[in-house]
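**Student:**
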Amino acid sequence: MTMEDDSIDQATSERRERLRALRAAKEYASMPDVDGDANQNKGSKAEFMPIDHEEKKAETSEEDLTEQAAATRRERLMALRTAKELLSMPEDGSNNSNGKAEDTEEAEENKAPNMKFRNYLPHDKHLQEGKLAPVDLPKFEDPIAPVPQPSDKIEDPFLNIAPKKPNWDLRRDVQKKLDKLERRTQKALYELMLEQEKEKAAMELENAGNED
Numbered sequence: 001m002t003m004e005d006d007s008i009d010q011a012t013s014e015r016r017e018r019l020r021a022l023r024a025a026k027e028y029a030s031m032p033d034v035d036g037d038a039n040q041n042k043g044s045k046a047e048f049m050p051i052d053h054e055e056k057k058a059e060t061s062e063e064d065l066t067e068q069a070a071a072t073r074r075e076r077l078m079a080l081r082t083a084k085e086l087l088s089m090p091e092d093g094s095n096n097s098n099g100k101a102e103d104t105e106e107a108e109e110n111k112a113p114n115m116k117f118r119n120y121l122p123h124d125k126h127l128q129e130g131k132l133a134p135v136d137l138p139k140f141e142d143p144i145a146p147v148p149q150p151s152d153k154i155e156d157p158f159l160n161i162a163p164k165k166p167n168w169d170l171r172r173d174v175q176k177k178l179d180k181l182e183r184r185t186q187k188a189l190y191e192l193m194l195e196q197e198k199e200k201a202a203m204e205l206e207n208a209g210n211e212d
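Note that the UniProt record's numbering has the sequence shown beginning at 1, numbered continuously upward.
This is the structure:
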């Protein structure tokens with residue numbers, strides 16, 4: 001923030017110095033010659049007076065604009081700075097919590113260290129209180145591989161040795177479809193057998209009616 005203020009002040013000061021130099025150059029150019037006539041001086045003064053007046057007005061207006069812009073810039077920077085300070089301020093609750101945490105840390109640091117003896121028992125009674133109880137180790141059983149159950153199917157070892165037919169792989173790929181087709185044929189044969197029995201029973205009934 002301060003660096004921006006310094007840059008603004010430096011820019012305004014440079015602007016003012018440049019305007020002053022321009023004003024001095026114009027005044028020096030408008031100065032009359034010593035050997036010149038009074039009439040020429042009057043005429044030149046009359047000519048430069050309105051020009052200088054307008055230039056002064058323009059310069060003053062430019063200075064006012066630069067000062068106004070610098071003032072608004074400073075106000076905005078001050079508002080941003082105050083907002084940042086308000087945001088960075090810690091709350092009361094956080095301060096209390098931090099204070100409590102610091103108090104607990106100091107209390108823990110002030111406490112004497114509790115020595116715990118694992119492998120031996122000290123002779124001092126005060127130190128014997130820090131003796132740890134033996135740890136109960138979990139019992140692990142050795143993994144036992146399951147006994148494989150004997151298979152019901154007994155395969156003939158000589159089947160794998162015997163030479164296979166040239167189309168054994170084709171039969172293997174079509175075996176599922178053949179099994180499905182076999183089931184359908186068995187079902188169709190069963191249905192045909194039922195129809196034949198029904199027709200036979202109907203024929204017997206007709207023959208019995210004709211005899212009567």
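By construction, the Cβ of each residue, glycine as well, lies at the ideal position given by its N, Cα and C atoms.
Note the first and the last residue of the continuous alpha helix (DSSP H) segment covering Val-135.
**Tutor:** Position 135 of the sequence shown, counted from the first residue, corresponds to residue 135. No alpha helix (DSSP H) holds Val-135; DSSP gives it neither H nor E.
**Student:** Any heavy atom of the ligand COA closer than 7 Å to the beta-carbon of Pro-166?
**Tutor:** Inclusion of the ligand COA in the displayed structure is not the case, the ligand content being empty and no account of it being possible.
**Student:** Thr-12 and Glu-67 - do their beta-carbons sit closer together than 8 Å?
**Tutor:** Numbered from its first residue, the sequence shown carries residue 67 at position 67. Numbered from its first residue, the sequence shown carries residue 12 at position 12. Going by C-beta atoms, Glu-67 is nearer than 8 Å to Thr-12.
**Student:** What residues in its chain sit with their C-beta under 6 Å from that of Lys-45, if we drop five residues either side in the sequence?
**Tutor:** For the purposes of this step, residue 45 is taken as the residue at position 45 of the sequence shown. Note that Lys-45 scores a pLDDT of 44, beneath 50, so its modelled location is shaky; the value from the coordinates is reported in the next line. Result list for Lys-45: empty, nothing under 6 Å.
**Student:** Would you grab the beta carbon distance between Leu-19 and Glu-85 for me? Rounded to a whole angstrom, and I think it's under 8 Å.
**Tutor:** Here residue 19 is taken as the residue at index 19 of the sequence shown, counted from 1. Here residue 85 is taken as the residue at index 85 of the sequence shown, counted from 1. About 37 Å; that fails the 8 Å criterion.
**Student:** Can you tell me the Cβ-Cβ gap for Ala-70 and Ile-8, rounded? I've got them flagged as a contact below 8 Å.
**Tutor:** The residue labelled residue 70 in the question sits at position 70 within the sequence shown. The residue labelled residue 8 in the question sits at position 8 within the sequence shown. With 8 Å as the limit, Ala-70 and Ile-8 qualify as a contact, their Cβ atoms being about 5 Å apart.
**Student:** Asn-207 lies in the alpha helix (DSSP H); which residues open and close that run?
**Tutor:** In the sequence shown, residue 207 corresponds to position 207, counting from 1. Note, Asn-207: alpha helix (DSSP H), 168-211.
**Student:** DSSP state of Ser-13, grouped into three classes?
**Tutor:** Residue numbering aside, residue 13 sits at position 13 when the sequence shown is read from its first letter. Helix at Ser-13.
**Student:** If you draw a straight line from the C-alpha of Glu-197 to the C-alpha of Glu-211, how long is it?
**Tutor:** Position 197 of the sequence shown holds residue 197. Position 211 of the sequence shown holds residue 211. Each residue's alpha carbon lies about 21 Å from the other.
**Student:** By how many angstroms is the C-alpha of Ala-133 removed from the C-alpha of Pro-122?
**Tutor:** Reading the sequence shown from its first residue, position 122 is the one you call residue 122. Reading the sequence shown from its first residue, position 133 is the one you call residue 133. Cα to Cα, the separation comes out at about 14 Å.
**Student:** Taking the straight line between their C-alpha atoms, what separation do you get for Pro-148 and Pro-163?
**Tutor:** Looking up residue 148 in the sequence shown gives position 148. Looking up residue 163 in the sequence shown gives position 163. About 31 Å.
**Student:** Helix, strand or coil for Gln-68, going by three-state DSSP, please let me know.
**Tutor:** The residue you call residue 68 lines up with position 68 of the sequence shown. Correct three-state label for Gln-68: helix.
**Student:** My output table needs one value for residue 213: the three-state DSSP class, helix, strand or coil.
**Tutor:** It is not possible to answer for residue 213, since the shown part of the chain is limited to 1 through 212.
**Student:** Who are the near neighbours of Glu-206 in its chain, counting only those whose CB is closer than 8 Å to its CB and skipping five residues on each side?
**Tutor:** Locating residue 206 in the sequence shown gives position 206, where the first residue counts as 1. For Glu-206, where only same-chain residues beyond five positions count, there are no Cβ hits under 8 Å.
**Student:** According to DSSP, simplified to helix, strand and coil, what is Lys-84?
**Tutor:** Reading the sequence shown from its first residue, position 84 is the one you call residue 84. Lys-84: helix per DSSP, three-state reduction.
**Student:** Does DSSP classify Glu-155 as helix, strand or coil?
**Tutor:** Taking the sequence shown and counting its residues from 1, one reaches residue 155 at position 155. Residue state, collapsed to three classes: coil.
**Student:** What is the DSSP secondary structure of Glu-63, reduced to helix, strand or coil?
**Tutor:** Taking the sequence shown and counting its residues from 1, the one referred to as residue 63 is at position 63. Glu-63 falls in the helix class under three-state DSSP.
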